[in-house]
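Chains as they are written, first to last, in the working numbering: chain A, 1 to 242; chain B, 1001 to 1302.
Backbone N, C-alpha and C define an ideal beta-carbon position, used for all residues, glycine too.
To start, the structure itself, in structure tokens.
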């Protein structure tokens, strides 16, 4: 499994994918944080990173599917899936290795944004007058959200041998879980249904964590969401390719 | 037994890709799996490698059941799938090391080096796989199938699309490997089977239609001996007919005769004696075997 994990990371790093994804992510987030007047911290005069944490989910919504769209679709198209599935690895190890590799890439793209955090910290008046708890919580929340997108992306990729289809499906599912549930909960429906809908959406849990409150219910939600899609992926692997 | 298959069936929808196939293969045998396209060769191989589950029946590799202990089976099988799928963007050595890693080999570097030597990949080992010619790619495919020193090697059409030189190289390689390992290879090239496989299993429409040594299949289903003789002059056909076991004599042009006899009668000595008695010299004497191609066509056409 470790070998497969390493190979996945290496294939990200030896192709332009990782660099384009990380580069675009950093470029867009820094534009929002520092340049665009509507969002810029410099215009806002609040020493927090809210622009990053508001925009990053939307950027990840497109970038993560772009990273994961190959993972199974390409293996299937080129036939290498047949070799992969006849190695002495369980299906779960295969899904797990690809999932972890995706997480590493997410982590690598988030890593440089700590520089922004440090900058904001230094710019605050007096220096260091920032809500570090909320910032840390937001980072953890963002990572959880991204991990859910990775799991959704893997699942979408396992459904097809076409990368475009995989990408579009992943964006759709990610959007649905991120925003659609939340928006649906504004409909005229019985209260209990609305609560369930809101609970199912990523947005509520993400926002909860952004306050700096790491609630075990939110963590449990993300763990189950990830587990749900990874299990589905494994199910597809077991039944669709064979 | 290296491989044992019993009453194996795979159904796609309503169609049986393979239908109650049974055979077993002993350690160190090299077996050719023959059959027309769509006969069920690949399906059989995919089940043996635990890529696909069977619909019913049992398959075992080295006494491990593919259904109940797939990981044990996979550890012992080296597999080269039909179109030799490879990661084109990886380097040859990087790829082989990656494969070695998945089998958790103790000393992957040394083993990969050994494989590169065995498969003659030396001059190409630092290239990307997509830059290689088809013949070299096939070697990479073989190397990845062999890197974990599997007990059973399953090769699905290992030589399709190679030029004659590459063909000979790959065949030699397979022959070399076949001296120590159990090899199952599928093909529909007859010369390949003749060159490599002492034992042949012919599958048609999901059923085994022949299973035996190359010689026994070649001797023909009709169970007859065929001798073609050329003499330096004419001879009375009745004399030939009178020989022991002769069924039919056909007169060909230029004092040539085609003699058919029941199986088990070696006519060569009798014909020689007859010719001497008749004061004729034998210019040529051939025992004809029905070619494997004839056997194949006979068994699979219907």
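Is there at least one Cβ from chain A nearer than 8 Å to residue i's Cβ?
i	result
residue 1126(B)	no
residue 1086(B)	yes
residue 1074(B)	yes
residue 1050(B)	yes
residue 1150(B)	no
residue 1206(B)	no
residue 1089(B)	yes
residue 1081(B)	yes
residue 1103(B)	yes
residue 1020(B)	no
residue 1071(B)	yes
Residue i CB to nearest chain B CB: under 8 Å?
i	result
residue 112(A)	no
residue 7(A)	yes
residue 78(A)	yes
residue 14(A)	yes
residue 87(A)	yes
residue 11(A)	yes
residue 100(A)	no
residue 71(A)	no
residue 43(A)	no
residue 3(A)	yes
residue 198(A)	no
residue 83(A)	yes
Would you identify the three-state DSSP class for residue i, choosing helix, strand or coil?
i	result
residue 1048(B)	helix
residue 1023(B)	strand
residue 3(A)	helix
residue 130(A)	coil
residue 1004(B)	strand
residue 1298(B)	helix
residue 1128(B)	strand
residue 1035(B)	coil
residue 33(A)	helix
residue 81(A)	helix
Where residue i and residue j are concerned, what is the direct C-alpha to C-alpha distance, given to the nearest angstrom?
i	j	result
residue 29(A)	residue 68(A)	21 Å
residue 1085(B)	residue 204(A)	44 Å
residue 1174(B)	residue 1196(B)	8 Å
residue 209(A)	residue 108(A)	21 Å
residue 114(A)	residue 64(A)	20 Å
residue 177(A)	residue 200(A)	7 Å
residue 1138(B)	residue 1092(B)	12 Å
residue 1107(B)	residue 77(A)	32 Å
residue 1251(B)	residue 1260(B)	12 Å
residue 1020(B)	residue 1272(B)	49 Å
residue 230(A)	residue 154(A)	8 Å
residue 1010(B)	residue 1055(B)	5 Å
residue 123(A)	residue 46(A)	10 Å
residue 95(A)	residue 86(A)	14 Å
residue 12(A)	residue 150(A)	14 Å
residue 1203(B)	residue 1267(B)	33 Å
In the DSSP output, which residue or residues are listed as bridge partners for residue i?
i	result
residue 1064(B)	1061(B)
residue 1255(B)	Paired residues: none, contrary to the question.
residue 1016(B)	1011(B)
residue 1248(B)	1260(B)
residue 1117(B)	DSSP output for residue 1117(B) lists no bridge partner at all.
residue 1288(B)	1226(B)
| field | Whole runs of the alpha helix (DSSP H) within the region 1066-1111 of chain B, excluding any shorter than 4 residues | value | Runs of the alpha helix (DSSP H) inside the region 1066-1111 of chain B: 1070-1076 and 1092-1102.
| Which runs of the alpha helix (DSSP H) spanning at least 4 residues fall entirely within the region 147-231 of chain A, listed in chain order? | DSSP assignment within the region 147-231 of chain A yields the following whole alpha helix (DSSP H) runs of 4 residues or more, N-terminal first: 163-175, 181-184, 191-200 and 202-210.
| said: Just to confirm the assignment: which complete beta strand (DSSP E) runs, minimum length 3, are found wholly within the region 1190-1226 of chain B? | reply: Scanning the region 1190-1226 of chain B for uninterrupted beta strand (DSSP E) segments of 3 residues or longer gives 1199-1204 and 1207-1213, listed from N- to C-terminal end.
| message | Ignoring anything shorter than 4 residues, give me the alpha helix (DSSP H) runs that lie fully in the region 1137-1198 of chain B, in order along the chain. | response | List check, alpha helix (DSSP H) in window: 1164-1178 and 1190-1196.
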